[in-house]
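Q:
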Amino acid sequence: MADMTTALGATRLPNPVMTASGCAANGKELHRFFPVSDLGAFTTKTVMRDPRSGRPTPRMAETDSGMLNSIGLQGPGIETFCVDDLPWLATQGARVLVSVAGGTAEEFGEVVDRLVTSPGWPAVVGVEANISCPNVANRGLVFACDPVSSERVVRIVRGRVPAGTPVFAKLTPDVTDVVAIASAALGAGATGLTMINTLLGVVVDTDRLRPRLAGVTGGLSGPAILPVAVRAVWQVTAAMRAGLLPRAPVIGVGGVRTGADALQLVAAGASAVQVGTATFNDPSAPRRVLAELEAEIDRHGFDRFADVVGIAHERTAAP
Amino acid sequence: MSGGVVRVTGELIAVRRAGAYHHLTVVAPGVAELAHPGQFVALAVGGPTSANLLRRCFSLHRVKPSGTYGGTVDVVVSAVGAGTRWLTALRPHDPVDVVGPLGRAFPLPAEPVPCVLVGGGYGSAPLFWLAETLRERGCHVELVLGAASEDRLFGVVEGRRSADAVHVTTDDGSAGTKGWVSDVLGEVIERTKASVVYGCGPMAMLRSVTEVAAAHGAVAQVAVEESMACGIGVCMTCVLPVTGADGRTRMVRSCVEGPVFRGDRVRWDALDGGITRVPDDAVGAPRPGGH
Ligand SMILES: Cc1cc2nc3c(=O)[nH]c(=O)nc-3n(C[C@H](O)[C@H](O)[C@H](O)COP(=O)(O)OP(=O)(O)OC[C@H]3O[C@@H](n4cnc5c(N)ncnc54)[C@H](O)[C@@H]3O)c2cc1C
Ligand SMILES: Cc1cc2nc3c(=O)[nH]c(=O)nc-3n(C[C@H](O)[C@H](O)[C@H](O)COP(=O)(O)O)c2cc1C
Ligand code: FES
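As you go down the protein sequences, you meet chains A and B in turn. Just so you know, my numbering puts 246 at position 246 of the first sequence, and the rest follows in order with no gaps. Here my numbering runs 1000 ahead of the position in the second sequence, where the first position is 1.
1) Taking 6 Å as the line, does the beta carbon of Met1251 (chain B) fall inside it for any heavy atom of ligand 5?
2) Are any of the Cβ atoms in chain B nearer than 7 Å to that of Gly54 (chain A)?
3) Distance, Cα to Cα, Ser1124 (chain B) vs Leu1153 (chain B)?
4) Pull up the CB-CB distance for Leu1060 (chain B) and Pro1126 (chain B), whole angstroms please, since I reckon it's below 8 Å.
5) For ligand 2, any of its heavy atoms closer than 6 Å to the Cβ of Cys23 (chain A)?
6) How long is the line joining the alpha carbons of Ala232 (chain A) and Phe1128 (chain B), rounded to whole angstroms?
7) State whether the segment 1042–1057 of chain B contacts the segment 1210–1218 of chain B, with contact taken as three or more CB pairs (one from each stretch) at a distance under 8 Å.
8) According to DSSP, is Ala1042 (chain B) helix, strand or coil?
9) Can you check which of these residues, B:Trp1180, B:Val1166, B:Tyr1021, is closest to Thr1084 (chain B) by C-alpha distance?
10) Name the residues in the segment 1223–1243 of chain B whose C-beta lies less than 9 Å from a C-beta of chain A; which are they?
11) Roughly how many angstroms lie between the CA atoms of Arg315 (chain A) and Gln264 (chain A), to the nearest whole one?
12) At a threshold of 6 Å, does Thr1237 (chain B) count as lining ligand 3 (C-beta to nearest heavy atom)?
13) Using only alpha-carbon positions, find the residue among B:Tyr1198, B:Gly1233, B:Glu1150 that is nearest to Ala1220 (chain B).
14) May I have the straight-line CA-CA distance separating Gly1233 (chain B) from Ala242 (chain A), to the nearest angstrom?
15) Which same chain residues, not among the five before or five after Asp298 (chain A), have their C-beta less than 8 Å away from its C-beta?
16) Entirely within the segment 1087–1162 of chain B and at least 3 residues each: give me those beta strand (DSSP E) ranges in chain order.
17) Answer yes or no: do Ala137 (chain A) and Ile181 (chain A) have a C-beta to C-beta separation smaller than 7 Å?
18) Taking a cut of 8 Å between CB atoms, which residues from the segment 1272–1284 of chain B lie near chain A?
19) Just the chain A side, please: which residues come within less than 8 Å of Gly1003 (chain B) by C-beta, in chain order?
20) Put Asp1164 (chain B) into one of helix, strand or coil per three-state DSSP.
21) If Arg1248 (chain B) and Val1283 (chain B) are in contact, beta carbons under 8 Å, what's the gap, nearest whole angstrom?
22) At a Cβ cut of 9 Å, what residues of the segment 213–241 of chain A count as close to chain B, listed as they run along the chain?
23) Can you name, in chain order, every residue of its own chain whose Cβ lies under 7 Å from the Cβ of Ser132 (chain A), other than the five neighbours on each side?
24) Considering Cα atoms alone, identify which of B:Ser1227, B:His1093, B:Gly1274 is closest to Glu62 (chain A).
25) Just the chain E side, please: which residues come within less than 9 Å of Met60 (chain A) by C-beta, in chain order?
26) Would you say Gln92 (chain A) lies against chain B (beta-carbon separation less than 7 Å)?
27) State the CB to CB distance for the pair Ala1014 (chain B) and Gly1071 (chain B), rounded to an integer number of angstroms; the pair is presumed to be in contact (CB under 8 Å).
28) Given a threshold of 16 other Cβ atoms within 10 Å of its Cβ, counted over all protein chains shown, does Val383 (chain A) qualify as buried or as exposed?
29) Which word fits Lys1178 (chain B), buried or exposed, when buried means at least 16 other C-beta atoms lie within 10 angstroms of its C-beta?
30) Could you give the first and the last residue of the continuous alpha helix (DSSP H) run that contains Ala129 (chain A)?
31) Identify, in the order they occur along the chain, each residue of the same chain with its Cβ nearer than 7 Å to the Cβ of Ser65 (chain A), setting aside the five sequence neighbours on each side.
32) Name the chain A residues that come within less than 7 Å of Ala1051 (chain B), Cβ to Cβ?
33) If you check the beta carbons only, do Pro1095 (chain B) and Thr1009 (chain B) fall under 7 Å apart?
34) Return the first residue and the last residue of the beta strand (DSSP E) that Gln1221 (chain B) is part of.
35) In the structure shown, what three-state DSSP assignment does Phe108 (chain A) receive?
36) Would a check of beta-carbon distances place Gly187 (chain A) closer than 7 Å to chain B?
Right, here's the structure in full:
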């Protein structure tokens, strides 16, 4: 059996597989299917300062090998998260990557300020700033679509999260140059990057001849987007290898359904992998992907997971 | 790990036509033992590499904890799209990937009170099992089954065995009384002195069942049908506005806090034309100028 440990900055995880934010709630539901502490980390649903009702329904539309969602970051707010959810995860022995967001850069900071005072804080192995959400102060433009907004948010979050706890910036692929956004986030002190969030889409209901989602647009996820996720991870880690970006760990997410899918992201440069939409098909998907990824690493004869990270860059045929 | 739910690869042992529907019996060890009337199962469709990733949800029609083949579950499927057509084309011995039982069951009255059970179309599927459970507890049970046309009624014959009386309505008059279930429901509640009305069917029907029940002094317990991506409580797609015991409305997950809700707690005023709005007074509703 290969050594599956992975490093995210100063934090070491026993294995590289995680849930994806918003696809696993905060653990209790999936814990009926497998122990949440089996995973390298459990990534929680993005939490904001106040309770949010989310958007009207229908909020989902199935697509070929994927789906659109427009949940609208529904959640009970950081207070309930700190009192109920995080302590429960801590009790289970889970390592928690907490996803946070705000409608303004300052709100991200307020969420983190409250988070660090939770009795469950010792279980936190990192904070993921979901900057792929709308910036109220900038006409609703997604923070991660603009390097300046991205930098502001990450600087605030980094400043409030205790040094030694990694901060990851979660990026959207819906930009012209993802390397430029990655550069802004790392420049502002992010420990690493999580890539990718969903891609914006619309599905038209051909009976009613109107958009299927009540909110019109939604985020595309699932196996259909795996190549986009691999591409984004590839571009950013290639820039790191070329010295154009500081070296930093990348968490790959998007379309992972099997261990082989996870291996694609790892070989493209991801030090950890999150499993999202596949969980709706198979509630044990994150746990199964871990077992399958271990089998893939063994099949290739590697002793250490870490040796496979980014290996595809070295094996690329010279042009 | 089982917190009242299991995932199993079951086996289809029978599929038969029932009017416009297909009645499937699946060996699914572990599910039947845990299930109660009103709960549902989520079935994967299209096989292990399917491009249809999302499970399809079906009310449990019946369960048999231990038969010749191990525990079985029965569902009634209306073939309306890719997933339901795939399921209804399965043959005996084909594998069926089952997650269940899911959701909250119909609450049962503590006293042996008279009950009316109202089903629209395949929505009647869970009601026969419920009727038998209620009668075992001494309740007088009458069924009201409605559909657009006779072939879309499910279980009229079965109903005569399960309940004390069955009333049928069809929109086109091809069977029973011409009209809607709500046209006859009030009379049945009055005559039986029912204190609980259970409903399962289209949302518009559940709304009128709730209104008729309230008008005749009965409590409605309705099983709603919302689009569900996961069925297990992790995605937040299946929400609808429901008023809690504290009087506040929240967007709650119908897959874990439902599918059965007290009818008078559902904010029917927010449902219109296939879209459910977030009521302005809901907890965390958008405020002018952003959240
Ligand atoms: C709790 C619950 C119980 C149900 N019980 C039954 C039952 O006993 N018998 C039965 O025939 N049907 C039942 N349904 C509806 C059934 O789940 C849908 O008809 C089915 O998912 C349609 O899948 P499809 O691929 O054929 O259609 P498509 O239209 O191709 O489906 C596309 C997507 O939309 C979703 N969807 C489409 N229609 C519905 C719907 N009416 N409700 C929820 N999701 C929908 C599907 O799950 C899928 O993700 C129930 C639904 C719920 C939520
Ligand atoms: C229903 C749903 C809800 C999501 N909610 C969040 C969220 O709250 N925060 C976040 O950062 N990403 C959210 N995502 C995006 C996922 O974390 C992930 O980045 C994306 O779905 C791609 O991965 P996948 O194809 O494995 O699902 C959500 C995705 C889905 C499908
Ligand atoms: S269907 Fe996913 S939370 Fe209810």
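Yeah, the Cβ is synthetic: ideal placement off N, Cα and C, and Gly gets one too.
A: Walking through what the data contain:
1) Within the structure as shown, ligand 5 is missing, the only ligands being ligand 1, ligand 2 and ligand 3.
2) Residue numbering aside, residue 54 (chain A) sits at position 54 when the first sequence is read from its first letter. Yes, Gly54 (chain A) lies at the interface with chain B (some Cβ there is under 7 Å from its Cβ).
3) One-based indexing of the second sequence puts residue 1124 (chain B) at position 124. One-based indexing of the second sequence puts residue 1153 (chain B) at position 153. Taking the straight line joining both Cα atoms gives about 8 Å.
4) Along the second sequence, one-based indexing puts residue 1060 (chain B) at 60. Along the second sequence, one-based indexing puts residue 1126 (chain B) at 126. Contact flag correct, Cβ pair sits at about 6 Å.
5) By one-based count along the first sequence, residue 23 (chain A) stands at place 23. Yes, the beta carbon of Cys23 (chain A) sits closer than 6 Å to at least one heavy atom of ligand 2.
6) Taking the first sequence and counting its residues from 1, the one referred to as residue 232 (chain A) is at position 232. Taking the second sequence and counting its residues from 1, the one referred to as residue 1128 (chain B) is at position 128. For Ala232 (chain A) and Phe1128 (chain B), the distance between alpha carbons rounds to 53 Å.
7) The segment 1042–1057 of chain B and the segment 1210–1218 of chain B do not touch, with fewer than 3 CB-CB distances between them shorter than 8 Å.
8) On the second sequence, residue 1042 (chain B) is found 42 positions in, with the first residue counted as 1. In this structure, Ala1042 (chain B) counts as strand in the three-state DSSP scheme.
9) To locate residue 1084 (chain B), count along the second sequence from 1; it is residue 84. The option with the nearest alpha carbon to Thr1084 (chain B) is B:Tyr1021.
10) Residues Glu1226, Ser1227, Met1228, Ala1229, Cys1230, Gly1231, Ile1232, Gly1233, Val1234, Cys1235, Met1236, Thr1237, Cys1238, Val1239, Leu1240, Pro1241.
11) Mapped onto the first sequence, residue 315 (chain A) falls at position 315. Mapped onto the first sequence, residue 264 (chain A) falls at position 264. Approximately 13 Å, taken between the alpha carbons.
12) Position 237 of the second sequence, counted from the first residue, corresponds to residue 1237 (chain B). True, at least one ligand heavy atom lies under 6 Å from that Cβ.
13) Translated into the one-based positions of the second sequence, residue 1220 (chain B) becomes position 220. Of B:Tyr1198, B:Gly1233, B:Glu1150, the smallest CA-CA separation from Ala1220 (chain B) is found for B:Tyr1198.
14) Along the second sequence, read from residue 1 onward, the residue named residue 1233 (chain B) stands at position 233. Along the first sequence, read from residue 1 onward, the residue named residue 242 (chain A) stands at position 242. Annotation: Gly1233 (chain B) to Ala242 (chain A) spans about 43 Å, alpha carbon to alpha carbon.
15) Within the first sequence, the letter at position 298 stands for residue 298 (chain A). Exclusion of the five residues before and after Asp298 (chain A) leaves Met1, Ala2 as the residues of its chain whose Cβ lies within less than 8 Å of its Cβ.
16) Counting only runs of 3 or more residues that sit fully inside the segment 1087–1162 of chain B, the beta strand (DSSP E) segments are 1095–1102, 1115–1120, 1141–1147, in chain order.
17) Walking along the first sequence from the start, residue 137 (chain A) turns up at place 137. Walking along the first sequence from the start, residue 181 (chain A) turns up at place 181. Taking 7 Å as the cut-off, the beta carbon of Ala137 (chain A) is found no closer than this to the beta carbon of Ile181 (chain A).
18) Answer in chain order: Gly1274, Ile1275, Thr1276, Arg1277, Val1278, Ala1282, Val1283, Gly1284.
19) Taking the first residue of the second sequence as position 1, residue 1003 (chain B) is located at position 3. Going along chain A in sequence order, the residues near Gly1003 (chain B) (Cβ under 8 Å) are His31, Arg32.
20) Walking along the second sequence from the start, residue 1164 (chain B) turns up at place 164. Of the three classes helix, strand and coil, the one that applies to Asp1164 (chain B) here is coil, per DSSP.
21) The sequence position of residue 1248 (chain B) within the second sequence is 248, counting from 1. The sequence position of residue 1283 (chain B) within the second sequence is 283, counting from 1. Under the criterion of beta carbons closer than 8 Å, Arg1248 (chain B) and Val1283 (chain B) qualify as touching, at roughly 6 Å.
22) Those would be Ala214, Gly222, Pro223, Ala224, in chain order.
23) The sequence position of residue 132 (chain A) within the first sequence is 132, counting from 1. Val142, Ala144, Lys170, Leu171, Thr172, Asn197.
24) Indexing the first sequence from 1 puts residue 62 (chain A) at position 62. Closest by C-alpha distance to Glu62 (chain A), out of B:Ser1227, B:His1093, B:Gly1274, is B:Ser1227.
25) Looking for chain E here will not work: the only protein chains present are A and B.
26) Here residue 92 (chain A) corresponds to residue number 92 of the first sequence, with the count starting at 1. Chain B contact via Cβ: absent.
27) If you number the second sequence from 1, residue 1014 (chain B) lands on position 14. If you number the second sequence from 1, residue 1071 (chain B) lands on position 71. The Cβ separation is near 15 Å, so there is no contact.
28) Summary: the structure shown does not reach residue 383 (chain A), with chain A confined to residues 1 through 319, and so no result is reported for it.
29) For this step, residue 1178 (chain B) is matched to residue 178 along the second sequence. When all chains shown are included, Lys1178 (chain B) counts as exposed.
30) As a first step, residue 129 (chain A) must be located in the first sequence, where it is residue number 129. First-last for Ala129 (chain A): 124–130, but that is the beta strand (DSSP E), not the alpha helix (DSSP H).
31) Your numbering for residue 65 (chain A) matches position 65 in the first sequence. Spatial neighbours of Ser65 (chain A) in its own chain (CB-CB distance under 7 Å, excluding positions within 5 residues in sequence) are listed in chain order as Gly222, Pro223, Ala224.
32) Here residue 1051 (chain B) is taken as the residue at index 51 of the second sequence, counted from 1. Think of a sphere of 7 Å around the beta carbon of Ala1051 (chain B): the chain A residues whose beta carbon falls inside it are Asp64, Ser65, in chain order.
33) Translated into positions along the second sequence, residue 1095 (chain B) becomes position 95. Translated into positions along the second sequence, residue 1009 (chain B) becomes position 9. Cβ distance < 7 Å, so Pro1095 (chain B) and Thr1009 (chain B) count as in contact.
34) Indexing the second sequence from 1 puts residue 1221 (chain B) at position 221. Counting along the chain, the beta strand (DSSP E) containing Gln1221 (chain B) begins and ends at 1219–1223.
35) In the first sequence, residue 108 (chain A) corresponds to position 108, counting from 1. When secondary structure is reduced to three states using DSSP, Phe108 (chain A) falls in the helix class.
36) By one-based count along the first sequence, residue 187 (chain A) stands at place 187. At a cut-off of 7 Å between C-beta atoms, Gly187 (chain A) does not count as an interface residue with respect to chain B.
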